[in-house]
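A.B. asks:
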Amino acid sequence: MRYVATSFGSAGDFLPTLAIAHALHTAGHEVVFVTNPFHERAVRAAGVEYVPAGELVDLYKLIVEQPHILRTTDGLKILADELAPTFFAPTYWVGKEVIREVRPAAVIGSNLSYGILWAATERRVPSVMVAATPIFWLTGQAPAQFLDFRVPDRFLPHVAGAVRTIGFALADHWLRSIARSLGATSFDASVTGAERSVALHLGMWPELLRPASPSDQPNMRACGFARAGHFGSTAPALSPELEAFLTAGPAPVVIGLGSIYSLGSDDLIADLADACAEIGQRCVIVGPPPRNRDIPEGTLVVPYATYHLLFPRAKALVIHGGAGTTGEALRSGVPSVVVPLGFDQFGLAWQVERLGVGMRVPKQGRTRAKLVEALRTACEDEAMQARAAEVAAELRPTRDGADVAASLILGMSEQ
46 MRYVATSFGS
56 AGDFLPTLAI
66 AHALHTAGHE
76 VVFVTNPFHE
86 RAVRAAGVEY
96 VPAGELVDLY
106 KLIVEQPHIL
116 RTTDGLKILA
126 DELAPTFFAP
136 TYWVGKEVIR
146 EVRPAAVIGS
156 NLSYGILWAA
166 TERRVPSVMV
176 AATPIFWLTG
186 QAPAQFLDFR
196 VPDRFLPHVA
206 GAVRTIGFAL
216 ADHWLRSIAR
226 SLGATSFDAS
236 VTGAERSVAL
246 HLGMWPELLR
256 PASPSDQPNM
266 RACGFARAGH
276 FGSTAPALSP
286 ELEAFLTAGP
296 APVVIGLGSI
306 YSLGSDDLIA
316 DLADACAEIG
326 QRCVIVGPPP
336 RNRDIPEGTL
346 VVPYATYHLL
356 FPRAKALVIH
366 GGAGTTGEAL
376 RSGVPSVVVP
386 LGFDQFGLAW
396 QVERLGVGMR
406 VPKQGRTRAK
416 LVEALRTACE
426 DEAMQARAAE
436 VAAELRPTRD
446 GADVAASLIL
456 GMSEQ
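Residue 46 is where the sequence shown starts when you use this note's numbering, and the numbers rise one by one after that.
#1: Counting only runs that start and end within the stretch 48 to 133, where is the alpha helix (DSSP H) found for 4 or more residues in a row?
#2: Relative to the alpha-carbon of Ala68, which residue among Ala271, His246 and Val175 has its alpha-carbon at the smallest distance?
#3: According to the neighbour-count rule (16 or more other Cβ atoms, all chains shown, within 10 Å of its Cβ), is Pro20 buried or exposed?
#4: So the alpha helix (DSSP H) Gly206 belongs to, where does it begin and stop?
#5: Which residues does DSSP list as the beta-bridge partners of Gly325?
#6: May I have a chain-ordered list of the alpha helix (DSSP H) segments no shorter than 4 residues that lie completely inside the stretch 321 to 392?
#7: Would you call the CB atoms of Ala66 and Val96 closer than 8 Å?
#8: Measure the C-alpha to C-alpha separation of Gly403 and Val397 and round it to an integer number of angstroms.
#9: Beta strand (DSSP E) containing Ile153: first to last residue?
#10: Where do the N-terminal and C-terminal ends of the beta strand (DSSP E) with Arg266 fall, by residue?
#11: Considering just the uninterrupted stretch of the alpha helix (DSSP H) at Ile300, what are its terminal residues?
#12: Excluding the 5 residues preceding and the 5 following Ala320 in the sequence, name in chain order all residues of the same chain whose CB lies nearer than 8 Å to its CB.
#13: Among Ala50, Arg241 and Asn156, whose alpha-carbon lies nearest the alpha-carbon of Pro149?
#14: If you reduce the DSSP assignment to three classes, tell me which class Ala394 lands in.
#15: Name the DSSP beta bridge partners of Ala176, please?
#16: Is Ile454 closer than 8 Å to Ile161 when the C-beta atoms are compared?
#17: I need the boundaries of the beta strand (DSSP E) containing Met404, first residue and last residue.
#18: What ranges does the alpha helix (DSSP H) occupy inside the stretch 419 to 451, keeping only unbroken runs of at least 4 residues that lie completely in it?
#19: Look at Arg405 and Ala423 and say whether their C-beta atoms are less than 8 Å apart.
#20: Using alpha carbons as the reference points, say which of Gly387, Ala64 and Phe213 lies closest to Ala91.
#21: For the alpha helix (DSSP H) that Arg241 lies in, which residues bound it at each end?
#22: Smallest Cα separation from Arg169: which of Glu286, Asn264, Ser231 and Pro334?
#23: Between the Cα of Ala177 and the Cα atoms of Gln409, Ala229 and Trp250, which residue gives the shortest distance?
#24: So, with DSSP's three-state summary, where would you put Arg168?
#25: Between the alpha carbons of His84 and His218, how many angstroms are there, rounded?
#26: Does the structure place the stretch 248 to 264 close enough to the stretch 171 to 189 that three or more beta carbon pairs sit under 8 Å?
#27: Can you give me the C-alpha to C-alpha distance between Gly401 and Arg432, rounded to a whole angstrom?
#28: Around the C-beta of Leu60, are 16 or more other C-beta atoms found within 10 angstroms, so that it is buried, or is it exposed?
#29: So, Gly366 versus Pro112, is the Cβ gap smaller than 8 Å?
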């Protein structure tokens, strides 16, 4: 069978859908992946056919030049304004042509890929929506902590329901405006319209992280984490320099703030390195070195390292709570300190703490003293270390979430 897929964004946003495309390809099916040229290398590494859509948008350069995009307050709107002309519109137009030519059994898109999902609706082709993070399944009937501060449990269902309603209303207004500008007016272009129209709505996390809810729609399935990090890898192994550092002393604290947030968090990363030195721990920073800040002795900075190879060799992890990074952290068997910086990261930070495998340091009021305290706990708390190993042992034998998703898609196509 033939399939068309698309996604865009940070590694955590993009790679789960690509991993599903690879799983379908490995199972003997033809997959055409439509996306921005920024992701060409990763698509080709996954072995599927690449079709460009739009002009190159270098996300890394964009973040460096416009770090305010990472702000939770107005960053989402700024990013949305960038996505409309550079991703939604190109994937809509290119997607329509590719769907006409390929005649796929289904179209698969992340939940930022409305352009191609709209194209599938117009071409009357079944579609599959892929959600990388549980925040998109938040409802009043399935509430979870999702803010930087704790909402009292008795109010949480009401707050979660209200935020979903307001958030969807704002998103719907924006999406319908984009759809009208494209002349795509024959269907409901809202978030809810898309969620109801897709044949499958796949969540790329285990039920351990977000249990099934009686309020879930029949098309919703949690598949488990996709083992997708290697598709974004620029090296198949850890560098000789990093290997030498790891073997030269005790296991270090590893700071991994993901593909995007590692670019705009200089002061936080420097404070974390200082905190590690204060408690006598060596440290590895994955990403660029902090600008305008010195780093202490015993700290190694590497521009890139594959998380699934590095994280299990750490004493403790510091992560931002992004979807992909959190998945790798939970599978590593190592306690995590979560320093959420925006968006869905607050919710995933709460889940790490709820599972007993780490602790969160809220963004509001975060100080170096609090970082020191959290790192000391992660490095010394034997119960937390045992729980981290227990959760990893539960997750590691489970089937790759991308394979589960591919099986569901194939089962749908064969009906």
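Even for Gly, the Cβ is constructed at its ideal location relative to N, Cα and C.
C.D. replies: Reading from the atomic positions:
#1: 56 to 71, 85 to 90, 104 to 110 and 120 to 128
#2: Ala271
#3: The shown model of the chain, from 46 to 460, leaves out residue 20, and the question about it has no answer.
#4: Leu201 to Leu227
#5: Note: Gly325 sits in no beta bridge, so no partner.
#6: 352 to 355 and 368 to 377
#7: no
#8: 6 Å
#9: Ala151 to Ser155
#10: Met265 to Ala267
#11: Note, Ile300: premise wrong, no alpha helix (DSSP H); beta strand (DSSP E) at Val298 to Gly301.
#12: Arg413, Leu416, Val417 and Leu420
#13: Ala50
#14: helix
#15: Gly248
#16: no
#17: Gly403 to Arg405
#18: 427 to 440
#19: no
#20: Ala64
#21: Val236 to Ser242
#22: Ser231
#23: Trp250
#24: coil
#25: 29 Å
#26: yes
#27: 6 Å
#28: buried
#29: no
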